[in-house]
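Sequences listed follow chains V and F, in order.
According to our numbering, the stretch in the first sequence is residues 1 to 310, in order.
According to our numbering, the stretch in the second sequence is residues 1001 to 1169, in order.
All C-beta atoms, glycine included, are put in the ideal place defined by N, C-alpha and C.
The next block holds one structure in the form of structure tokens; read it before the comments.
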Amino acid sequence: MQLSTKHLLGIKDLQATDIQYILDTAAQFKEVLQRPIKKVPSLRDVTIVNLFYENSTRTRISFELAEKRLSADTINFTASGSSAAKGETLLDTVNNILSMKVDMVVMRHSASGAPHFLAQHIPAAIVNAGDGINEHPTQALLDAFSIREKLGTLQGKKIAIIGDIMHSRVALSNIYLLKKMGAEVTVAGPPTLIPKYMRDAFDVNVSYNIGETLKWCDVANVLRIQLERQSQPLFSSLREYNLAYGISRKLLDEVQKDIVIMHPGPINRGVELDSDVADSNHSIILQQVENGVAVRMAVLYLLAGKRNEN
Amino acid sequence: MKPILSSEQLQLTIQRLCYQLIENHYPFTDTVVVGLQPRGVLLADRLLKQMQELYPQIKLPYGQLDITFYRDDAHKELHKANQTTINFSIENKKVILIDDVLYTGRTVRAAMDALIDFGRPAKVELCVLVDRRFNRQLPIQPDYTGKAIDSILSQKVTVDWQKPEVLLH
Chain V
1 MQLSTKHLLG
11 IKDLQATDIQ
21 YILDTAAQFK
31 EVLQRPIKKV
41 PSLRDVTIVN
51 LFYENSTRTR
61 ISFELAEKRL
71 SADTINFTAS
81 GSSAAKGETL
91 LDTVNNILSM
101 KVDMVVMRHS
111 ASGAPHFLAQ
121 HIPAAIVNAG
131 DGINEHPTQA
141 LLDAFSIREK
151 LGTLQGKKIA
161 IIGDIMHSRV
171 ALSNIYLLKK
181 MGAEVTVAGP
191 PTLIPKYMRD
201 AFDVNVSYNI
211 GETLKWCDVA
221 NVLRIQLERQ
231 SQPLFSSLRE
241 YNLAYGISRK
251 LLDEVQKDIV
261 IMHPGPINRG
271 VELDSDVADS
281 NHSIILQQVE
291 NGVAVRMAVL
301 YLLAGKRNEN
Chain F
1001 MKPILSSEQL
1011 QLTIQRLCYQ
1021 LIENHYPFTD
1031 TVVVGLQPRG
1041 VLLADRLLKQ
1051 MQELYPQIKL
1061 PYGQLDITFY
1071 RDDAHKELHK
1081 ANQTTINFSI
1091 ENKKVILIDD
1101 VLYTGRTVRA
1111 AMDALIDFGR
1121 PAKVELCVLV
1131 DRRFNRQLPI
1141 QPDYTGKAID
1151 SILSQKVTVD
1161 WQKPEVLLH
């Protein structure tokens, strides 16, 4: 069995069967991570470069661990402190790295479409670790894995994606994935952070009321307010955002049902999510991080298997 | 298509394998059983069921091991991974590996690598239903054999547990 794609550029390009295959494989890798020796020799013959043009904690560590647990050789590249700062182009940098016999590229970039551009110009397999405001496919896959683990299935489940939808690649990847797997999706947040075209373009519900959205959903995936991507003020203050759209313990108690709280991290505590919610037993935020390693192992393993196919 | 073991022969073979295991391992104080996913598990299930009928007092730790991530051909062909469940320590235990057909020996090689990641067993033995002798690509031999057969590369051995019977195509 094979994936239908050579790269993982976005969930948009995946078939539902690919997603299923990745999640099923990830479940087996999760078992590997419980063993005394948390490592398998599958990618002993593979070298992977982690190319991070944008800051990252979780994703970078998670990919690096996933690679090491698959026995791949890894190189880490961060834009600061590299020749990118001297004006070298992306393509030149990558071609130089590839000439040192690297098989796969894991890339994060602040420009949407950067990995798609690379995929057209280089022979290595590319995994998108987040490109601008476009997609963050492995995050969506690990979110789906975590929901499936908690609720058994994605089919027919009601998932709310709450917060800064406009600037969120996590939101977009999640929407693509959840729709492909038969879940219902509502995006919620302030009108200034939800693009007008959402409902028509992605067939999702749009809500500006967090209380009602929480009553509706089984899972609330709460997103970070991405101030660094906002060139103009889109709400008056963080405090006001928290009062109108933040999730507090009180709001959660009013819902009177067990909903699952997720967050891709990093959390702005007291803005989109209050601490007593983030640390409550509704939250599966740390399980998401744990599952991230298994999901990324599955992605790398399955893409590496496609390498020599031509 | 040629039958290797009929339903009746298969039952007798499983019974004999059980007695051989009992002869070597009774009272099974330090012995554990590991079936290889996916088809070795089907044989292991039946062996253990038979064992229970013969000696109900025997309690054997039983695990299932998937070797997909240890295969030596992952760069050529991908296989779907199955569940691994080993909920006991294999440290200093005698491990009986169980698979249905022993052919090139590559699966067993991978299984030994996978097993050793769970601990250091005192001993590892191999029990198979069908040994396709003369087809080995690695120096691996079974300790318990249901039936040894001569076959060529283009042939295939299938164990049909529904019937149940073993066939050579």
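Classification of residue i by the beta-carbon crowding that lies within 10 angstroms, buried from 16 upward
{"i": "Met100 of chain V", "result": "exposed"}
{"i": "Met1001 of chain F", "result": "exposed"}
{"i": "Phe145 of chain V", "result": "buried"}
{"i": "Pro137 of chain V", "result": "buried"}
{"i": "Val1166 of chain F", "result": "buried"}
{"i": "Asn1019 of chain F", "result": "Per the sequence shown, the amino acid found at residue 1019 of chain F is Tyr instead of Asn. Looking at its Cβ environment, which holds fewer than 16 other Cβ atoms inside 10 Å, Tyr1019 of chain F is exposed."}
{"i": "Ser4 of chain V", "result": "exposed"}
{"i": "Pro1027 of chain F", "result": "exposed"}
{"i": "Thr1068 of chain F", "result": "buried"}
{"i": "Leu227 of chain V", "result": "exposed"}
{"i": "Ser207 of chain V", "result": "buried"}
{"i": "Glu54 of chain V", "result": "buried"}
{"i": "His121 of chain V", "result": "exposed"}
{"i": "Tyr197 of chain V", "result": "exposed"}
When the options are compared against residue i, the one with the closest alpha-carbon
{"i": "Arg1136 of chain F", "options": "F:Asp1113, F:His1169, F:Val1101 and F:Ile1116", "result": "F:Val1101"}
{"i": "Leu273 of chain V", "options": "V:Val222, V:Arg229 and V:Val260", "result": "V:Val222"}
{"i": "Val46 of chain V", "options": "V:Leu214, V:Glu240, V:Arg296 and V:Leu70", "result": "V:Leu70"}
{"i": "Gln1064 of chain F", "options": "F:Pro1003, F:Ile1140, F:Ile1149 and F:Phe1088", "result": "F:Phe1088"}
{"i": "Pro1061 of chain F", "options": "F:Asn1082, F:Asp1030 and F:Glu1053", "result": "F:Asp1030"}
{"i": "Ile247 of chain V", "options": "V:Val32, V:Thr25 and V:Arg269", "result": "V:Arg269"}
{"i": "Ser236 of chain V", "options": "V:Thr192, V:Lys215 and V:Asn209", "result": "V:Thr192"}
{"i": "Asp13 of chain V", "options": "V:Leu238, V:His116, V:Lys157 and V:Glu290", "result": "V:His116"}
{"i": "Ile1140 of chain F", "options": "F:Asp1113, F:Arg1109 and F:Val1157", "result": "F:Arg1109"}
{"i": "Ala1074 of chain F", "options": "V:Pro41, V:Ile133, V:Gln287 and V:Leu251", "result": "V:Pro41"}
{"i": "Lys179 of chain V", "options": "V:Gln120, V:Ser80, V:Leu238 and V:Lys158", "result": "V:Lys158"}
{"i": "Arg199 of chain V", "options": "V:Ile37, V:Met166 and V:Met181", "result": "V:Met166"}
{"i": "Ile1096 of chain F", "options": "F:Ala1122, F:Tyr1103, F:Arg1071 and F:Gln1050", "result": "F:Ala1122"}
{"i": "Ile225 of chain V", "options": "V:Ile194, V:Gly130, V:Glu212 and V:Leu90", "result": "V:Ile194"}
{"i": "Val1034 of chain F", "options": "F:His1169, F:Thr1084 and F:Gly1105", "result": "F:Thr1084"}
Supposed close pair residue i, residue j - CB separation, criterion 8 Å
{"i": "Val105 of chain V", "j": "Ala84 of chain V", "result": "Rounded, the Cβ-Cβ distance is 14 Å, inconsistent with contact."}
{"i": "Gly189 of chain V", "j": "Asp164 of chain V", "result": "7 Å"}
{"i": "Glu1125 of chain F", "j": "Lys1076 of chain F", "result": "Their Cβ separation, rounded to whole angstroms, is 30 Å, which puts Glu1125 of chain F and Lys1076 of chain F out of contact at 8 Å."}
{"i": "Ser173 of chain V", "j": "Gln139 of chain V", "result": "6 Å"}
{"i": "Leu33 of chain V", "j": "Ala244 of chain V", "result": "Between Ala244 of chain V and Leu33 of chain V the Cβ distance is about 40 Å, and since that is not below 8 Å, they are no contact."}
{"i": "Leu252 of chain V", "j": "Val277 of chain V", "result": "6 Å"}
{"i": "Asp143 of chain V", "j": "Arg169 of chain V", "result": "The pair is not a contact, with the Cβ atoms about 12 Å apart (cut-off 8 Å)."}
{"i": "Ile19 of chain V", "j": "Leu177 of chain V", "result": "6 Å"}
Own chain residues within Cβ distance below 8 Å of residue i, not counting five before or after
{"i": "Thr1013 of chain F", "result": "Leu1005, Leu1129, Gly1146 and Lys1147"}
{"i": "Ile175 of chain V", "result": "Ile161, Val185, Val187, Phe202 and Val204"}
{"i": "Ser1007 of chain F", "result": "Lys1163, Pro1164 and Glu1165"}
{"i": "Arg148 of chain V", "result": "Leu23 and Leu154"}
{"i": "Leu43 of chain V", "result": "Glu67, Leu70, Ser71, Ala72, Leu300, Tyr301 and Ala304"}
Own chain, CB closer than 6 Å to residue i, minus 5 neighbours either side, in chain order
{"i": "Ile1043 of chain F", "result": "According to the sequence as given, residue 1043 of chain F is Leu; it is not Ile. The answer, listed in chain order, is Ile1098, Asp1100 and Leu1129."}
{"i": "Phe29 of chain V", "result": "Ala294, Met297 and Ala298"}
{"i": "Leu1010 of chain F", "result": "Pro1164"}
{"i": "Gln378 of chain V", "result": "Past the edges of chain V, shown from 1 to 310, lies residue 378 of chain V, and the structure says nothing about it."}
{"i": "Ala183 of chain V", "result": "Leu154, Lys157 and Ile159"}
{"i": "Ile75 of chain V", "result": "Val49"}
{"i": "Leu1138 of chain F", "result": "Gly1105 and Arg1109"}
{"i": "Gln15 of chain V", "result": "Ser4"}
Contact set for residue i: own chain, Cβ-Cβ below 7 Å, skip 5 residues either direction
{"i": "Asn310 of chain V", "result": "Caution applies to Asn310 of chain V, whose pLDDT of 46 falls short of 50 and renders its modelled position unreliable; the value that the coordinates give is listed next. Contacts found: none."}
{"i": "Arg296 of chain V", "result": "Ser62, Phe63, Ala66 and Thr138"}
{"i": "Leu1047 of chain F", "result": "Ile1014, Leu1017, Cys1018 and Ile1098"}
{"i": "Gly1040 of chain F", "result": "Ile1098, Asp1099 and Asp1100"}
{"i": "Thr1107 of chain F", "result": "Leu1036, Ile1067 and Asp1099"}
{"i": "Phe1134 of chain F", "result": "Asp1150"}
{"i": "Lys39 of chain V", "result": "Arg69 and Ser71"}
{"i": "Leu98 of chain V", "result": "Ile122 and Ala124"}
Check: residue i C-beta below 6 Å from any heavy atom of the ligand MN
{"i": "Asn96 of chain V", "result": "Ligands in the displayed structure: none, and consequently the ligand MN is not present."}
Whole alpha helix (DSSP H) elements within the region 1084-1155 of chain F, 4-residue minimum
1106-1116
What are the start and end residues of each continuous alpha helix (DSSP H) run of 4 or more residues lying completely inside the region 161-242 of chain V, in chain order?
169-180, 198-202 and 210-216
Only counting runs of 4 or more residues, tell me where the alpha helix (DSSP H) segments fall wholly within the region 69-155 of chain V, in order along the chain.
90-98, 114-121 and 137-151
Alpha helix (DSSP H) segments (min. 4 residues) lying fully within the region 248-307 of chain V:
Entirely contained in the region 248-307 of chain V, the alpha helix (DSSP H) runs reaching 4 residues are, in chain order, 249-255, 275-278 and 285-304.
What beta strand (DSSP E) runs, 3 residues minimum, are completely inside the region 1021-1067 of chain F?
1031-1036 and 1062-1065
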